[in-house]
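Enquirer:
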């Protein structure tokens, strides 16, 4: 074995471990194509049947078992693990991957080195591996987003293919009669597809123009308050807000919007953070303001963090809904999103809808131009145990972490204008039919989340409303 093959194997192994890390620790498969993973499982299952008929080396057997086990584990997680499966974007991952299997099998029956059962299956696995990435590539193009771990997975896959090409070149010049046209051509096709994937990764993390441009904090946001309690890290890719007894901090978008989809990756303060509020929201100016809120309510002694959502329209709020999430928001970054258009407001957690507020006749609905804001502040008058738990500053500073400042897909409003009518145009993708209502799959998972994880709904609070507000019907 030469150094290029060893490096290629280790890079391939690292790519699988990164994907398993994302799925197992974060309990998320967002951005990952189940269809590609199913194809990889077929690839390894058909390629490594010789594990039962021949022994090459301990290393060879170990690597085969690792790739077999990991590929089927990933498929199992995405299909059957409750928390992970909820993050799978089945509405976008629609490539008809089974249509790749039959042509590859026919090609293997026609073009092979030896017509035996194991050899045909080996050749089939080469052809199928060459195109197995296609569903993932289509999913990327549709969602236009790569998170950090998914991007690293893609990068490592590209590196694995590149190192294997170097391995073949090395063996061609050092081993007599080393010619394997089927392996070379299939590998070259696969490498070209990974090169396309690597291009998206490069754009996402280096900063070129393309699917999703790398954006620093300063390009889209400015500090609003607490100047001494905010730090910009990693060349503007991350911002930390600090809170101690003297102050918290907050930032706001440079632009004002009239509709859109707004997202942020957030990790909230850990430890004894009772009374501390981390917020991500849209808000307008003035006393009769509109506002759409995510608020994380801190807690003490290992008790869970509560996620509260609220909506203000024309100065009227008191529309709280609270959730105990299916993960711990202090451990990892998660993506929180707000869709706001003329038809509905949807709150998303890792692309899962947890709350919907419809624009119905007779219902107050946010319609003023709004900015995107985030803040870390003292809410101990109400946030934890109804205000009974006060902030213990012995545990300060409390730190909230924010990433992904490119998640502003919205209709800009001139700061001198209050007219948002043009922002309702169907020319904006977030106003299109797909975003006017939940899909059947989204509705199903939405109902499940609310039934299992929502622990307060203002619509059923009879101490606040004798009869539910109009929007609750």
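In the working numbering, the protein residues as written are 2 to 474. Every residue gets a Cβ at the ideal spot worked out from N, C-alpha and C, and that includes glycine.
Report the option in 426, 356 and 94 whose CA atom is closest to the CA atom of residue 452.
Expert: Residue 452 sits at position 451 when you count from the first residue of the chain shown. Ranking 426, 356 and 94 by Cα distance to residue 452 puts 356 first.
Enquirer: In this structure, does DSSP put residue 39 in helix, strand or coil?
Expert: Taking the first residue of the chain shown as position 1, residue 39 is located at position 38. It is helical.
Enquirer: Between residue 328 and residue 108, what straight-line distance do the alpha-carbon atoms span, to the nearest angstrom?
Expert: As a position in the chain shown, residue 328 is number 327, starting the count at 1. As a position in the chain shown, residue 108 is number 107, starting the count at 1. Going by the C-alpha atoms only, they are around 45 angstroms apart.
Enquirer: Is there contact between the region 71 to 84 and the region 423 to 443, where contact requires at least three CB pairs shorter than 8 angstroms?
Expert: no
Enquirer: Strictly by DSSP, which residues pair up with residue 297?
Expert: As a working note, residue 297 is residue 296 in the chain shown. BP columns for residue 297 point to 279 and 308.
Enquirer: Buried or exposed: where does residue 340 fall if 16 or more other Cβ atoms within 10 Å of its Cβ makes it buried?
Expert: For this step, residue 340 is matched to residue 339 along the chain shown. That one is buried.
Enquirer: What's the call for residue 462, buried or exposed, on a 16-neighbour Cβ count within 10 Å?
Expert: Within the chain shown, the letter at position 461 stands for residue 462. Looking at its Cβ environment, which holds fewer than 16 other Cβ atoms inside 10 Å, residue 462 is exposed.
Enquirer: What does a CB cutoff of less than 7 angstroms around residue 382 pick up in its chain, not counting 5 residues either side in sequence?
Expert: Stepping through the chain shown from its first residue, residue 382 is reached at position 381. Result list for residue 382: 388, in chain order.
Enquirer: Where are the beta strand (DSSP E) runs, 3 residues long or more, that stay fully inside the region 351 to 434, in chain order?
Expert: DSSP runs (the beta strand (DSSP E)) wholly in the region 351 to 434: 353 to 359, 372 to 379, 399 to 404 and 409 to 414.
Enquirer: If we ignore side chains and look at the alpha-carbon of each, how far apart do residue 225 and residue 441 end up?
Expert: Translated into the one-based positions of the chain shown, residue 225 becomes position 224. Translated into the one-based positions of the chain shown, residue 441 becomes position 440. Their Cα atoms are separated by approximately 40 angstroms.
Enquirer: Determine the extent of the beta strand (DSSP E) in which residue 226 is found, giving its start and end residues.
Expert: Counted from its first residue, the chain shown places residue 226 at position 225. Per DSSP, residue 226 belongs to the beta strand (DSSP E) from 222 to 226.
Enquirer: Looking at the structure shown, is residue 460 part of a helix, part of a strand, or coil, going by DSSP?
Expert: On the chain shown, position 459 is the one that residue 460 refers to. Three-state DSSP puts residue 460 in a helix.
Enquirer: Drop a sphere of 10 angstroms on the beta-carbon of residue 244, count the other beta-carbons inside from all chains shown, and report buried for 16 or more, exposed for fewer.
Expert: Taking the first residue of the chain shown as position 1, residue 244 is located at position 243. It counts as buried.
Enquirer: Is it buried or exposed, residue 118, if we count other Cβ atoms within 10 angstroms and call 16 or more buried?
Expert: Counting from one through the chain shown, the residue named residue 118 turns up at place 117. Flag for residue 118 reads exposed.
Enquirer: Going by DSSP in three states, residue 287 sits in which element: helix, strand or coil?
Expert: Numbered from its first residue, the chain shown carries residue 287 at position 286. In the three-state scheme derived from DSSP, where H, G and I count as helix and E and B as strand, residue 287 is classed as coil.
Enquirer: On the three-state DSSP scale, how would you describe residue 10?
Expert: Here residue 10 refers to the residue found at position 9 of the chain shown. It is helical.
Enquirer: Along the beta strand (DSSP E) that carries residue 253, what are the first and last residues, could you check?
Expert: Along the chain shown, read from residue 1 onward, the residue named residue 253 stands at position 252. Where residue 253 is concerned, the enclosing beta strand (DSSP E) stretches over 250 to 254.
Enquirer: Looking at residue 305: is its Cβ nearer than 9 angstroms to the Cβ of residue 325?
Expert: Translated into the one-based positions of the chain shown, residue 305 becomes position 304. Translated into the one-based positions of the chain shown, residue 325 becomes position 324. In this structure, residue 325 lies closer than 9 angstroms to residue 305 by Cβ.
Enquirer: If you draw a straight line from the C-alpha of residue 337 to the C-alpha of residue 137, how long is it?
Expert: Translated into the one-based positions of the chain shown, residue 337 becomes position 336. Translated into the one-based positions of the chain shown, residue 137 becomes position 136. Cα to Cα, residue 337 sits roughly 23 angstroms from residue 137.
Enquirer: Using a Cβ-Cβ cut-off of 7 angstroms (strictly less than) and excluding sequence neighbours within five positions of residue 14, which residues of its own chain qualify?
Expert: Taking the first residue of the chain shown as position 1, residue 14 is located at position 13. Excluding residues within five positions, the ones whose Cβ falls inside 7 angstroms are 67.
Enquirer: Have a look at residue 193 and residue 38 and give me their C-alpha separation to the nearest angstrom.
Expert: Working through the chain shown from its first residue, we reach residue 193 at position 192. Working through the chain shown from its first residue, we reach residue 38 at position 37. C-alpha separation (whole angstroms): 19 angstroms.
Enquirer: With DSSP as the reference, label residue 242 as helix, strand or coil.
Expert: Counting from one through the chain shown, the residue named residue 242 turns up at place 241. In this structure, residue 242 counts as strand in the three-state DSSP scheme.
Enquirer: Let's see if you can read the secondary structure: which residues bound the beta strand (DSSP E) around residue 324?
Expert: Indexing the chain shown from 1 puts residue 324 at position 323. Going by DSSP, residue 324 is part of the beta strand (DSSP E) stretching over 322 to 325.
Enquirer: By the DSSP assignment, the beta strand (DSSP E) with residue 230 in it spans what residues?
Expert: As a working note, residue 230 is residue 229 in the chain shown. Note, residue 230: premise wrong, no beta strand (DSSP E); not H, not E.
Enquirer: Express the C-alpha separation of residue 179 and residue 172 in angstroms, rounding to a whole number.
Expert: Translated into the one-based positions of the chain shown, residue 172 becomes position 171. Translated into the one-based positions of the chain shown, residue 179 becomes position 178. Approximately 7 angstroms, taken between the alpha carbons.
Enquirer: Do residue 410 and residue 313 count as a contact pair if the criterion is CB distance below 9 angstroms?
Expert: As a first step, residue 313 is located in the chain shown; it is residue number 312 there, counting from the start. As a first step, residue 410 is located in the chain shown; it is residue number 409 there, counting from the start. Note that the C-beta distance between residue 313 and residue 410 is not below 9 angstroms.
Enquirer: Residues in its own chain within less than 6 angstroms of residue 1 by CB, not counting five upstream and five downstream?
Expert: As shown, the chain starts at 2 and ends at 474. That puts residue 1 outside it, with no answer to give.
Enquirer: Could you check the C-alpha separation between residue 335 and residue 365 for me, to the nearest Å?
Expert: By one-based count along the chain shown, residue 335 stands at place 334. By one-based count along the chain shown, residue 365 stands at place 364. So the two alpha carbons sit approximately 30 angstroms from each other.
Enquirer: State buried or exposed for residue 174, treating a residue as buried only when at least 16 other CB atoms are found within 10 Å of its CB.
Expert: Here residue 174 refers to the residue found at position 173 of the chain shown. Residue 174 is exposed by the Cβ-count criterion.
Enquirer: Counting pairs of Cβ atoms below 8 angstroms between the region 85 to 93 and the region 42 to 58, do you hit three or more?
Expert: No: fewer than three Cβ pairs fall under 8 angstroms.
Enquirer: The alpha helix (DSSP H) spanning residue 265 covers which residue range?
Expert: Taking the chain shown and counting its residues from 1, the one referred to as residue 265 is at position 264. Counting along the chain, residue 265 falls outside any alpha helix (DSSP H), though it belongs to the beta strand (DSSP E) covering 257 to 268.
Enquirer: Taking three-plus beta-carbon pairs below 8 angstroms as touching, is the region 185 to 192 in contact with the region 128 to 142?
Expert: yes
Enquirer: Rounded to whole angstroms, what's the CA-CA distance from residue 345 to residue 358? Just pull it up for me.
Expert: Position 344 of the chain shown, counted from the start, is the residue given in the question as residue 345. Position 357 of the chain shown, counted from the start, is the residue given in the question as residue 358. So the two alpha carbons sit approximately 6 angstroms from each other.
Enquirer: How many Å lie between residue 52 and residue 26 at the Cα?
Expert: The count along the chain shown starts at 1 and reaches residue 52 at position 51. The count along the chain shown starts at 1 and reaches residue 26 at position 25. Computed Cα separation, rounded: 31 angstroms.
Enquirer: Among 75, 276 and 102, whose alpha-carbon lies nearest the alpha-carbon of residue 89?
Expert: The residue labelled residue 89 in the question sits at position 88 within the chain shown. Of the listed residues, the one whose Cα sits closest to residue 89 is 75.
Enquirer: Do the region 291 to 306 and the region 252 to 261 touch if we need at least three Cβ pairs shorter than 8 angstroms?
Expert: no
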